[in-house]
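Residue numbers (UniProt numbering): 1 to 195.
Structure (structure tokens):
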């Protein structure tokens, strides 16, 4: 199976679906759809890094084939994740999100910023060792708990009924996070040769 092509098409699919939800969804759905450009952009960044590297320019690090460019970026990978944070986190504040709701140009800027942040994270993810990826995913899981709190706060700001909040949170957990968790679990299991 060609994982590079799968990653490319999966990223475009995620970006299209999240873009549609971003345009037509209610405020909570729009906030949840921020996950799309982050995840889709990350997959696209990973795809660009791995597809632009010739087959003879991969090195083995801890049993994983890593592009030589990723190895060179390894000591500076933290910069990519700091940039990711600056591009993504500000859009989760009530002030920025209100501006997104009322101004089309800012709305486009927010989506592009989330996409760029995801792309940068995906581009640098190949430079991390296995345990660093596990730690990063654990931090992301903690961030997801914070995200549910953000959804609650925004539901209060917009005066949405609790049933709408519950529907959106369940959609977020089962539609996005459960899928991510399964994919990461399969990655970990394969990495430790449990299957």
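Cβ atoms here follow ideal geometry from the backbone N, Cα and C, with glycine treated the same way.
- Residue 151 has its alpha-carbon roughly 11 Å from the corresponding atom of residue 93.
- Look at residue 62 here: in three-state DSSP terms it is coil, with no helix or strand label.
- Residue state for residue 94 is assigned as helix, using DSSP reduced to three classes.
- Between the alpha carbons of residue 44 and residue 100 lies a distance of about 24 Å.
- Restricting attention to 189, 85, 59, 11, the CA atom closest to the CA of residue 143 is found in 85.
- Counting only runs that start and end inside the stretch 82 to 137, the alpha helix (DSSP H) elements of at least 4 residues fall at 94 to 102, 104 to 125.
- With respect to residue 29, residue 168 sits close: the two C-beta atoms are nearer than 8 Å.
- Here residue 67 is bridged, per DSSP, to 58.
- With contact defined as three or more Cβ pairs closer than 8 Å, the stretch 115 to 122 and the stretch 71 to 88 are in contact.
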